[in-house]
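Peer 1: Take this structure first; my questions come after.
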Amino acid sequence: MITELETTDITPIPYGEISQRTAAFYRPENYAISHRQEQSREPITNSPYRFKVEFFLEKGWPIDSLLADLRDLLKEDKEDEYGILRPTSHALSVTILLIVEAYRRQHSEWPFGCVSTDSEGGIRIEWNSPKGEIRLVVPDSDNKKHYIYYEFGDKYDIDEQVNPGKLVWWLNQLI
Amino acid sequence: MTQIFPPQDDSIFPPLPCYAIIYRAILRKSWIDQRNNRVTSAAFFRRPHDSGKDLDGLSVNIAAACSVEEVRSSFSECFGVVSLHVGRIRDIGLDVHQNEPKHANITGLPYQQDDTVNAERFAGLLAKQARFVHRI
Numbered sequence: 007m008i009t010e011l012e013t014t015d016i017t018p019i020p021y022g023e024i025s026q027r028t029a030a031f032y033r034p035e036n037y038a039i040s041h042r043q044e045q046s047r048e049p050i051t052n053s054p055y056r057f058k059v060e061f062f063l064e065k066g067w068p069i070d071s072l073l074a075d076l077r078d079l080l081k082e083d084k085e086d087e088y089g090i091l092r093p094t095s096h097a098l099s100v101t102i103l104l105i106v107e108a109y110r111r112q113h114s115e116w117p118f119g120c121v122s123t124d125s126e127g128g129i130r131i132e133w134n135s136p137k138g139e140i141r142l143v144v145p146d147s148d149n150k151k152h153y154i155y156y157e158f159g160d161k162y163d164i165d166e167q168v169n170p171g172k173l174v175w176w177l178n179q180l181i
Numbered sequence: 022m023t024q025i026f027p028p029q030d031d032s033i034f035p036p037l038p039c040y041a042i043i044y045r046a047i048l049r050k051s052w053i054d055q056r057n058n059r060v061t062s063a064a065f066f067r068r069p070h071d072s073g074k075d076l077d078g079l080s081v082n083i084a085a086a087c088s089v090e091e092v093r094s095s096f097s098e099c100f101g102v103v104s105l106h107v108g109r110i111r112d113i114g115l116d117v118h119q120n121e122p123k124h125a126n127i128t129g130l131p132y133q134q135d136d137t138v139n140a141e142r143f144a145g146l147l148a149k150q151a152r153f154v155h156r157i
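So, in structure tokens, the structure goes:
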């Protein structure tokens, strides 16, 4: 999955400044792309905890809420009665990579999403609209299935080709 | 002539009537869509086989035998309780089997790793049916 994502066009990112809230995610130990940055030896930030992107985030926007909800999962206990509560670093880094890149490609009419973890530390994000429903499922580790579940009327299935472009495409079906 | 069918399983309890109501505890805050005041599909997945949990199905309590307060107090953290109708669960092809005086399991749900599409589908259908009877 990581490999697949890294081969997509995720240009790192000479644009405006991301909010402090989002930047907190981009600690190198959590961020899969940092690997690639090292390889390319192209510094894209002058601070390890700051990151630049081409869009603005404002408090209350759907993407801001989504990233805040992801961040809040990190504040949870590691486990609860149901299972692992805090997302794994794999789940978190892949999810953020997908979300931020998808949002960079299209940030108009981005719907509000609902974030949760499964019992193993994987991340689920659900988006609903009167037209249908999309669920992004990023498991706790790379050797499990990543997918987008979609449901529009009587049609439902999963799309296992998970990448930012696909996520944008499916989200657009909700609009 | 009336046919007599043996029970489908080894339960000592008779089948729950379709009008019965069951409770499902909401054990995680993130299972609640705060914006729309609804529970998400995440609340209705069986945990993987190797966890040893949910082997008989999704755990629920029977409303006629168990109060909301009892459901809440049986967990160290409970962020809400939702109710579902047994008949409506049967309408979508699942069932509810009582295994203890106050407890039952929603059966027929596949594991996510065995049948991802139907696990997602059923989880979504159950979430749409569920109604909050208690929320923190």
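Protein chains in written order, with our numbering: chain A, 7 to 181; chain B, 22 to 157. Backbone N, C-alpha and C define an ideal beta-carbon position, used for all residues, glycine too. These figures come from a predicted structure and were not determined experimentally.
Among Glu115(A), Tyr88(A) and Thr123(A), which residue has its Cα nearest to the Cα of alanine 97(A)?
Peer 2: Selected option, being the one with the closest Cα: Thr123(A).
Peer 1: Where glycine 101(B) and proline 36(B) are concerned, what is the direct C-alpha to C-alpha distance, given to the nearest angstrom?
Peer 2: The alpha-carbon atoms of glycine 101(B) and proline 36(B) are separated by roughly 27 Å.
Peer 1: Mind checking the region 144-160 of chain A against chain B and listing, in chain order, the residues whose C-beta falls within less than 9 Å of any C-beta there?
Peer 2: Correct list: Lys150, Lys151, Tyr153, Tyr155 and Glu157.
Peer 1: Does the Cβ-Cβ distance between valine 60(B) and alanine 148(B) come in under 9 Å?
Peer 2: A contact, by the Cβ cut-off of 9 Å.
Peer 1: From the beta carbon of threonine 123(A), is the nearest beta carbon of chain B less than 9 Å away?
Peer 2: Threonine 123(A) counts as touching chain B.
Peer 1: Measure the C-alpha to C-alpha separation of aspartate 77(B) and aspartate 165(A) and round it to an integer number of angstroms.
Peer 2: Using only the alpha carbons, I get a separation of about 29 Å.
Peer 1: How would you label threonine 70(B), buried or exposed, when you count the other beta carbons within 10 angstroms and need 16 or more for buried?
Peer 2: The question names threonine, but residue 70(B) is histidine in the sequence shown. Result: exposed.
Peer 1: Expressed to the nearest angstrom, what Euclidean distance is found between the alpha-carbon atoms of leucine 76(A) and valine 121(A)?
Peer 2: Computed Cα separation, rounded: 7 Å.
Peer 1: For aspartate 91(B), which three-state DSSP category applies?
Peer 2: Note that residue 91(B) corresponds to glutamate in the displayed sequence, not to aspartate. In the structure shown, glutamate 91(B) sits in a helix (DSSP, three-state: H, G or I).
Peer 1: Which ranges would you report for the alpha helix (DSSP H) in the region 79-133 of chain B if only whole runs of at least 4 residues count?
Peer 2: Qualifying alpha helix (DSSP H) stretches, in chain order: 89-94 and 107-112.
Peer 1: Which full runs of the alpha helix (DSSP H) of 4+ residues lie inside the region 62-145 of chain A, going along the chain?
Peer 2: As far as the region 62-145 of chain A is concerned, its whole alpha helix (DSSP H) runs of at least 4 residues are 68-80 and 95-111.
Peer 1: What's the C-alpha gap between glutamine 150(B) and isoleucine 53(B)?
Peer 2: So the alpha carbons of these two residues sit roughly 14 Å apart.
Peer 1: Can you find a C-beta in chain B that's less than 9 Å from the C-beta of aspartate 86(A)?
Peer 2: Closer than 9 Å: yes.
Peer 1: Under the rule that 16 or more other beta-carbon atoms within 10 Å means buried, what is aspartate 75(B), buried or exposed?
Peer 2: Answer is buried; the Cβ neighbour count reaches 16.
Peer 1: Could you tell me which of Ile33(B), Phe65(B) and Val89(B) sits nearest to isoleucine 157(B), measuring between CA atoms?
Peer 2: Measuring from the Cα of isoleucine 157(B), the nearest candidate turns out to be Val89(B).
Peer 1: Checking contacts by CB at 9 Å: is glutamine 150(B) closer than that to chain A?
Peer 2: No, glutamine 150(B) lies away from the interface with chain A (no Cβ there is under 9 Å from its Cβ).
Peer 1: Establish whether the CB of glutamate 107(A) and some CB of chain B are separated by less than 9 Å.
Peer 2: Chain B contact via Cβ: absent.
Peer 1: Would you call proline 93(A) buried or exposed, if buried means 16 or more other Cβ atoms sit within 10 Å of its Cβ?
Peer 2: When all chains shown are included, proline 93(A) counts as buried.
Peer 1: Within this structure, are the beta carbons of leucine 79(A) and isoleucine 131(A) separated by less than 9 Å?
Peer 2: No, they are not a contact pair.
Peer 1: Assign leucine 146(B) to one of two classes, buried (16 or more other C-beta atoms within 10 Å of its C-beta) or exposed (fewer than that).
Peer 2: Buried.
Peer 1: Give a yes or no on whether the minimum CB-CB distance between arginine 77(A) and chain B is below 9 Å.
Peer 2: Chain B, which has no Cβ nearer than 9 Å to the Cβ of arginine 77(A), makes this no.
Peer 1: Alpha carbon to alpha carbon, what distance is there between valine 144(A) and lysine 151(A)?
Peer 2: If you take the alpha carbons of lysine 151(A) and valine 144(A), they lie about 8 Å apart.
Peer 1: Can you name the start and end residues of the alpha helix (DSSP H) that arginine 56(B) belongs to?
Peer 2: Per DSSP, arginine 56(B) belongs to no alpha helix (DSSP H) and is neither H nor E.
Peer 1: Alpha carbon to alpha carbon, how far is asparagine 149(A) from glycine 89(A)?
Peer 2: Roughly 19 Å between the two C-alpha positions.
Peer 1: If distances are taken between C-alpha atoms only, which option among Arg111(B), His106(B) and Asn126(B) comes closest to arginine 67(B)?
Peer 2: Checked all of Arg111(B), His106(B) and Asn126(B); the closest Cα to arginine 67(B) is Asn126(B).
Peer 1: Between the C-alpha atoms of serine 62(B) and proline 38(B), what's the straight-line distance to the nearest angstrom?
Peer 2: Going by the C-alpha atoms only, they are around 25 Å apart.
Peer 1: In whole angstroms, give me the CA-to-CA distance for isoleucine 181(A) and glycine 159(A).
Peer 2: Their backbone Cα atoms lie some 14 Å apart in a straight line.
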